[in-house]
Amino acid sequence: ADATRGGVVDRVLTAALESVEDNEEELGRLDAVAADGDHGLGISRGMRAAVVAARHAEAAGAGVPDALLRAGTALADAAGGASGALYGVLLAETGAGLRGLPEITAGALAGAVDRAAHAFVQLGGAEPGEKTMLDAIEPFRVTLRAEADAGSGLERAWRKAALAASTAAADTANLVPAKGRAARLAEKSKGHADPGATSFALIVTAVGEELGK
Ligand code: ADP
Ligand code: MG
Ligand code: MG
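Residue 370 in the UniProt record's numbering is what sits at position 23 of the sequence shown, and the numbering runs on without skipping anything.
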């Protein structure tokens, strides 16, 4: 999905939706270990709404920033739950960070992801190591920035960042949850990856694969 062709937000979010749907049961199982088990259902429902919103926006001539804003708003409304609001902010603020830029380069995306991660932390109050989505987002953000600064193109930078997110998501199995529902049954979650970190890694990996097409 060449970022200069139309409908790119629809295409990357559709790829993300397919991955989330393929892993819906596993995400639910991970969320049921120490919390309420609804993460797979919630993120699938949210991503479906995000795809519809992006498709409508792009068909009406919206650019990437507006399509991401619409997708984020739709996701937050449809998904519900802590992760719905947080994913909604990530999408919307990534869009806001790209507004007015002449071209979507690796550096532009790195800047937009910096902004989105900042807004994410403002909303959820998580700190690194608390076993949340942030533990996959931070390595993603840092790697994307490093790759952009080293001169990597958008697709390569994104794929490296997605790999960092996947490794980090798996590594959350070693952490003890301190934020969100799972904090109350923290001990139970030992040895299991955080559901939100896992879905984040699935989403950015699917987006990276789509960018390569
Ligand atoms: P809920 O807990 O409302 O049922 P989900 O099950 O959809 O929401 O999402 C749970 C995931 O949300 C967790 O695995 C964690 O990654 C993320 N999460 C929850 N609270 C926070 C927070 N305050 N900051 C960052 N991430 C959070
Ligand atoms: Mg849940
Ligand atoms: Mg819930």
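The beta carbon of each residue, even a glycine, is placed where N, CA and C say it ideally should be.
Every value quoted in this text rests on a predicted model; they were computed, and no experiment measured them.
Roughly how many angstroms lie between the CA atoms of residue 380 and residue 501, to the nearest whole one? 36 angstroms
What's the gap between the Cα of residue 413 and the Cα of residue 531? 38 angstroms
Could you check how far apart the C-beta atoms of residue 561 and residue 477 are, in whole angstroms? I think they sit under 8 angstroms. The question about residue 561 has no answer, for the chain in this structure spans 348 to 560.
Taking buried to mean at least 16 other C-beta atoms within 10 Å of its own C-beta, is residue 449 buried or exposed? exposed
What distance in whole Å lies between the Cβ atoms of residue 536 and residue 544, which are believed to be in contact at a cut-off of 8 angstroms? Not confirmed; about 12 angstroms, so no contact.
With the cut-off set at 7 angstroms, would you say residue 441 and residue 455 are in Cβ contact? no
With respect to the alpha helix (DSSP H) encompassing residue 394, which residues constitute its N-terminal and C-terminal limits? 386–406
Residue 444 and residue 417: beta carbons closer than 7 angstroms? no
Inspect the beta-carbon positions of residue 470 and residue 438 and report whether they are closer than 7 angstroms. no
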